[in-house]
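In our numbering, the protein residues as written are 1 to 159. Working notes for the structure below.
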């Protein structure tokens, strides 16, 4: 029986599983949204929530604990300066999982794991700006200007 066993093994050895989770969490904090399988997303979510809680505390001890999982110094700095402050007034539930349906090749359930409060990516900003530009009335050239130009052109005859 599995009494008290909380870790999903994901069909991997302990070292392989930890490496996988570190990579998933690192990608989540870098891109603020990742696509993976549903069981991996659920396990990565547990770890990510815990690390964001460390980032909210913003103490030396919390930084060291988060540093065990996130070894990239620049990402750790982003985590504590940007992401931690972004979730400062939120008690929990820092991530969200969207189910995307089965993968075409093998039918595995796919999911999108993202931070609840995300910074818009460059592509999303461009898309919003483009959508804003397209709104409103289209301006057309006045017909009178076109007529005056064509009359001048007709007025000159070759001799």
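Yeah, the Cβ is synthetic: ideal placement off N, Cα and C, and Gly gets one too.
Proximity winner among the options, relative to residue i (alpha-carbon distances)
i           : options          : result
residue 51  : 26, 130, 106     : 26
residue 59  : 71, 79, 10, 46   : 79
residue 102 : 132, 38, 124     : 38
residue 211 : 64, 55, 69       : With the chain covering 1 to 159 only, the question about residue 211 has no answer from this structure.
residue 92  : 117, 104, 77     : 117
residue 10  : 34, 19, 31       : 19
residue 69  : 124, 85, 106, 15 : 15
residue 82  : 5, 57, 65        : 57
Pair within 8 Å by beta-carbon distance, residue i and residue j
i           : j           : result
residue 113 : residue 41  : yes
residue 94  : residue 111 : no
residue 43  : residue 21  : yes
residue 209 : residue 100 : With the chain running from 1 to 159 in the structure shown, residue 209 is simply not present.
residue 36  : residue 24  : yes
residue 119 : residue 32  : yes
Residues bridged to residue i [DSSP beta-bridge criterion]
i           : result
residue 37  : 110
residue 101 : 110
residue 115 : 95
Backbone secondary structure at residue i - three-state DSSP
i          : result
residue 10 : coil
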